[in-house]
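Residue numbers (this note's numbering), protein chains in the order written: chain Z, 1 to 305; chain A, 1 to 390. Following: one structure in structure tokens, then a few remarks.
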Amino acid sequence: MSLILLVEQVLNGLQFGVMLFLMAAGLTLIFGVMGLINLAHGSLYMVGAFAAAAVAAWSGSFVLALIASLAAAAAFGALIELTIIRRLYDRDHLDQVLATFALILVFSEATRWVFGSFPLFLDIPDALSGTVMLPGGIQYSLYRLTIIVIGLVVAAALFLLISKTRVGMRIRAGESDREMIGALGVDISVLYTLVFALGAALAGLSGALVGAIQSVEVGMGEPVLILAFVVIVIGGIGSIKGALAGAILVGLTDTLGRTMLPWAFTTFMDASAANTVGSALASMLIYVLMAGVLIFKPNGLFGSA
Amino acid sequence: MRPTGQGVSKLKGIAAATLLATTLPMAAMAEDGNAIKIGMITTLTGGGAGIGADIRDGFMLAIDQAGNENVEVVIVDDQRQPDLAVQLSDKLIQSDKVDLLTGIIWSNLALAVVPSATAQGKFYVSPNAGPTQLAGRGCHEKYFNVAWQNDNLHEAAGAYTTSAGYQNAFILAPNYPAGQDALTGFKRMYEGELAGELYTRLGQTDYAAEIAQIRASGADSIFFFLPGGMGISFLKQYADSGIDLPVVGPAFSFDQGILQAVGDAALGVKNTSQWSKDIDNPTNKAFVESFEAAFGRLPSLYASQSFDSANLILSALSKADVQDADAFRAALLEADFSSTRGDFEFGNNQHPIQDIYVREVIQEGEVFTNRIVGTSLTDHQDVYASECGL
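Below you can see the structure in the form of structure tokens.
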């Protein structure tokens, strides 16, 4: 395994991690502030991707498509918060899981009614297609590099929002004591809608960015949702910093595990068997990581006790 | 506005098929000739619903064209879940009293349903899944496969890769039974060296790590089996990677349903299939035209397989009563129907013996589709047939 390949795989892991972070940030905010388990977060990711594909096909502009994904996901997020999610805050987690699971089915079938059963087309914009040569002779996809940059910018902006602004202060206050912040005269229901819409918009952006290199189809959100839950459990529920650390850890572990394990097994097994065993083990790796983190830090890396 | 237009025509298709499915039971009252009740279990929601729509529409088109009032079809949705498929098949057999089952797309679902259905004395005609286990020692006199045994298209891809002069192929497939069948099938007919062999995760959507390995491997060609959304993701990412190696695959990653989502990235790719819309025979021409007229989209190989399945069942019905199992089986085995593939013949294990073509992805106006550029295997039969006791 050459150094160039290793660096390329680290970049791939970073890109995957950053994409997971956009999903996990919303999920962890919603869980941290409202105490809500939102299984429908993956559906908002799908909404973002479909909105982007539809607008890109109509206008031919990728920037408009990204804006549409943010707007559509935020709008649907706010809509379901106002009509359904709002009634779930006081219920126990089982009710929340049941109701948001129902939302997944509603979103999936509604999307199928509007767009049909076949995957949609959404491509990388011409300006970002192809590869760039990085120092050291590494040929890397320009679009993936852009995803890494966008993800890190969003992470920095979120961090500033939470730590430096008044809204961020209220969000943090909401996390630590919901009743007290209400008693202090903050309109808690507006804050909740805002946080939910923000989380939804991030999921939608992530769906649109990834939709350009993957397939835009019904049900695309659920596999990512599971990984996003792993990320927030590892990072510590409610912590943006934890979500970023967890996402990058999961991204690197998964990508490097997938390539290194089968290769490592070939040193003492024949190639075909090493490949089968290595691939099988690699797919368990992030769950092993999660279990390991939970043994030593039961609240996650950055979780408060 | 392509997506929306596609959506509308899709809705019309669904409406037409639902209408067919609901009006047929009433029409089946007329009791002249042999009557049959068919249960179709296929995937109509969730991932893979596009394939299910093709299977359903192709089948119902043939039934509709035959105008046979003694045929009743009950269509149910398995949501791609094996446990649900088993429940549905039991319900179809025990409370709907169907005579014959069909429709399953996925091999793991077929393995869960077929043995119990045939053990309960019902016929099963497969329009798609052809797992190894049901072709060899596990073959059954009431199980017919109209599509292929799982290995077949991959064997053809292996044979093509060899004949095209590639010496160092990189191969990858998802880590599940049909993925393992795929690489086994490819290697059976491929004579060159392997630059690398990879199993990816089922449902994986990011292939950056695999593409980096391909780049570093020094391969001269790539073979992959990644059906549905996995293939779309892989092709788009591969096209953007700057690697310019020739790609070969089975038709599943280049079928009509997903080509539009892949776009330019698939142009020129060679893929192997037992069917193509440009196979030159009157049945196929009529099928392609009538399918497009009825549903507003081009048919896929899945639609051709279920169209053939329906015509096979209809041909047997015109010769024998389904209640007379031996006579009906003999009638099915004769395969006396006009196939979209031209010649059609069953082997001893009741899987097809057929030609497998090499197709190339092309663009016709706005639409991406395939055309035949050669024949990879002629009168090909699966290797498991010899293990079957029939």
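The beta-carbon is built from N, C-alpha and C at its ideal position, and this holds for glycine as well. Computed from a prediction, not measured in an experiment: that's the story for all the values here.
For the stretch 261–306 of chain A, the full-length alpha helix (DSSP H) segments reaching 4 residues or more read 282–295 along the chain. Taking 4 residues as the minimum length, the alpha helix (DSSP H) runs contained wholly in the stretch 147–193 of chain Z are 166–176, 178–183, in order along the chain.
Here I237 of chain Z is actually not in contact with V293 of chain Z; their C-beta atoms are around 13 Å apart, not less than 8 Å. In the structure shown, the three-state DSSP call for E387 of chain A is helix.
The residues A112, in chain order, have a CB closer than 8 Å to that of D83 of chain A in the same chain once the five nearest residues on each side in sequence are set aside. Of all residues in the stretch 138–152 of chain A, none has a C-beta nearer than 9 Å to a C-beta of chain Z. It is roughly 10 Å from the alpha-carbon of M34 of chain Z to the alpha-carbon of I188 of chain Z. Per the coordinates, the alpha-carbon of A164 of chain A lies some 52 Å from the alpha-carbon of G77 of chain Z.
With fewer than 16 other beta carbons inside 10 angstroms of its own, Q94 of chain A counts as exposed. Near chain Z, meaning a CB-to-CB distance below 7 Å, the residues of the stretch 232–248 of chain A are I232, S233, K236, Q237, D240, S241, G242. For Y199 of chain A, the neighbours in chain Z by C-beta distance under 7 Å run, in chain order, N275, T276, S279. As the crow flies, the alpha-carbon of V195 of chain Z is around 24 Å from that of G211 of chain Z.
Apart from the 5 residues on each side of it in sequence, A155 of chain Z sits with its Cβ closer than 7 Å to the Cβ of F21, L244 in its chain, given in chain order. Membership of A182 of chain A in the alpha helix (DSSP H) is indicated by the continuous run 177–189.
Using a Cβ-Cβ cut-off of 8 Å, F16 of chain Z counts as an interface residue toward chain A, since at least one Cβ of chain A sits closer than that to its own.
Using a Cβ-Cβ cut-off of 9 Å, P119 of chain Z is close to G50, G228, G229, I232, G257, I258, Q260, A261, V262 of chain A, given in chain order. Within chain Z, the C-beta atoms nearer than 8 Å to that of Q213 of chain A come from L5, T259, in chain order. Three or more beta-carbon pairs separated by less than 8 Å are not found between the stretch 31–46 of chain A and the stretch 250–261 of chain A, which leaves the two stretches without contact. Chain Z places a beta carbon closer than 8 Å to that of N175 of chain A, counting this residue as a contact. For Y143 of chain Z, the nearest CB of chain A lies under 8 Å from its own CB, placing it at the interface with that chain. Closer than 8 Å to the CB of D206 of chain A there is at least one CB belonging to chain Z. Residues of the stretch 119–136 of chain Z with a Cβ closer than 7 Å to any Cβ of chain A, in chain order: P119, L120, F121, D123, I124, S129, G130, T131. Beta-bridge pairing by DSSP links P250 of chain A to A:T272. Taking each of Z:V47, Z:L36, Z:M180, Z:A274 in turn and checking the Cα distance to M220 of chain Z, the smallest one comes out for Z:V47. Remark: C-beta atoms of Y140 of chain Z and V149 of chain Z do not approach each other more closely than 8 Å. Straight across, the Cα-Cα distance linking G185 of chain Z with L11 of chain Z is about 46 Å. Inclusion of A73 of chain Z and A280 of chain Z in the CB contact set at 8 Å is not warranted, their separation being larger than that value.
Cβ-Cβ separation between V248 of chain A and T161 of chain A: approximately 5 Å, consistent with a contact (criterion under 8 Å). If you look at G77 of chain Z, you'll find it in the alpha helix (DSSP H) that goes 62–83. Beta-bridge annotation (DSSP): G211 of chain Z is not paired with any residue. Distance from the CA of S233 of chain A to the CA of N168 of chain A, rounded to the nearest whole angstrom, comes to 24 Å. An exposed status is given to Y287 of chain Z, since fewer than 16 other beta-carbon atoms sit within 10 Å of its beta-carbon. Contact of A216 of chain A with chain Z by beta-carbon distance below 7 Å involves S2, L5.
In the structure shown, Y160 of chain A falls within a helical segment according to DSSP collapsed to helix, strand and coil. From the beta-carbon of A53 of chain A, the residues of chain Z found nearer than 9 Å are G116, S117, F118. Bridge pairing for E366 of chain A: absent [DSSP].
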